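All remarks here apply to the structure that follows.
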Amino acid sequence: MVSSPIIVAVDKHDLNGALTLADGLDPKLCRLKVGKELFTICGPKVVQEFHQRGFEVFLDLKFHDIPNTTAQAVLSAADMGVWMVNLHASAGSKAMMLAKSRLQAGGYNTMLIAVTVLTSMSDSDLMELGIFSTAKDHVLKLATLTKNSGLDGVVCSAQEAQMLKQVLGQEFKLITPGIRLATDSADDQHRICTPKDALANGSDYLVIGRSITGANNPNEKLHLILNDFN
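In the numbering used here, the protein residues as written are 24 to 253.
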């Protein structure tokens, strides 16, 4: 069992690049995230390769479809043995409850979480979609729906983590992307936070990509981040 809260986002463009990164990291110190680009290129093979190297995998495909299709996609991910998989909370409570119930009926231990509002989105982006709540208010609405649907947690910005812990409780897991070190570029993220501040705010798991994967020595950077928590 991995005690570290860090999930490294393996946003590579090919299998060799992904495996080279994995071979330079310690599976006792982090988990790995497989997103849409890498999974579309490599398919289940990349998950299998990471498992063979001892890593727990977060399959970040953000399923969003009709309830039956969403639930079956979640089961397919669980059949691969992934540690965690996600769907969009905006798929609705029927999709979330059905996916969770089928995981439970199959005896799977895979964590199921939901995406609330992408960390790249601002209040003005939501307004374009006809959502006139602030990002913070919309995150709370979707996270509450997720908890009431029986899921294990949500993806959210660290800036909303403290609020969500207070409202939804300590057992409801918060997975936070948009993590940057103080010296890093924000790139395309708007609602970002440093690793130490994210944990202090209540995040349970931190998804860190370019801060680690773009370093000359990713494992050394991983150790620096972990040491900063102490």
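By construction, the Cβ of each residue, glycine as well, lies at the ideal position given by its N, Cα and C atoms. The structure presented is a predicted model; accordingly, all values stated were derived computationally and were not measured.
Review point. Can you tell me whether DSSP reads A209 as helix, strand or coil?
Key: Confidence at A209 is low in this model, with a pLDDT of 49, below 50, so its placement is unreliable and the value that follows should be read with caution. DSSP places A209 in coil when its eight states are reduced to three.
Check your understanding: Residues bridged to T199 by DSSP?
Key -> L229
Point to revise | Start-to-end residues for the beta strand (DSSP E) that takes in G108 | key: The amino acid at residue 108 is misidentified as Gly; the sequence shows Val. Residues M107 to H111.
Review point. Which of helix, strand or coil does DSSP assign to R54?
Key: strand
Check your understanding: Of all the options V190, K188, A221 and I198, which has the alpha carbon lying nearest to the alpha carbon of L204?
Key -> A221
Review point. For the beta strand (DSSP E) that contains F81, what are its first and last residues?
Key: V80 to F86
Practice item. Could you tell me the boundaries of the beta strand (DSSP E) in which L42 lies? Key: Note, L42: premise wrong, no beta strand (DSSP E); alpha helix (DSSP H) at L38 to D46.
Check your understanding: Who are the near neighbours of T199 in its chain, counting only those whose CB is closer than 6 Å to its CB and skipping five residues on each side?
Key -> A181, A221, S226 and L229
Exercise for review: Note down, in chain order, each residue of its chain lying with its Cβ closer than 8 Å to the Cβ of N239, except the 5 sequence neighbours on either side.
Suggested key: none
**Study point:** Contacts around L135, its chain only, beta-carbon distance under 7 Å, and the 5 residues preceding and following it disregarded
**Key:** V97, V108, A122, K123, L126, L174 and D175
**Study point:** Per-residue DSSP class, three states only, for E243
**Key:** helix
Review point. Quick one, which of I235, T142 and L163 has its alpha-carbon nearest L188's?
Key: The amino acid occupying residue 188 in the given sequence is Lys; Leu does not appear at that position. The shortest C-alpha separation from K188 is found at L163.
Practice item. Consult DSSP for C179 and reduce its assignment to one of helix, strand or coil. Key: coil
Review point. Quick one: what's got a C-beta closer than 8 Å to S156's C-beta in the same chain, skipping five residues either side?
Key: L149 and K164
Practice item. Look up A137 in the DSSP assignment and say whether it is helix, strand or coil. Key: strand
Check your understanding: Per DSSP, V190 forms a beta bridge with which residues?
Key -> Looking at the DSSP assignment, V190 forms no beta bridge with any residue, so it has no partner.
Exercise for review: Classify V31 as helix, strand or coil using the three-state DSSP reduction.
Suggested key: strand
Check your understanding: Buried or exposed: where does G201 fall if 16 or more other Cβ atoms within 10 Å of its Cβ makes it buried?
Key -> buried
Check your understanding: Nearest to D46 by CA position, among E60, S27, P28 and V69, is which residue?
Key -> V69
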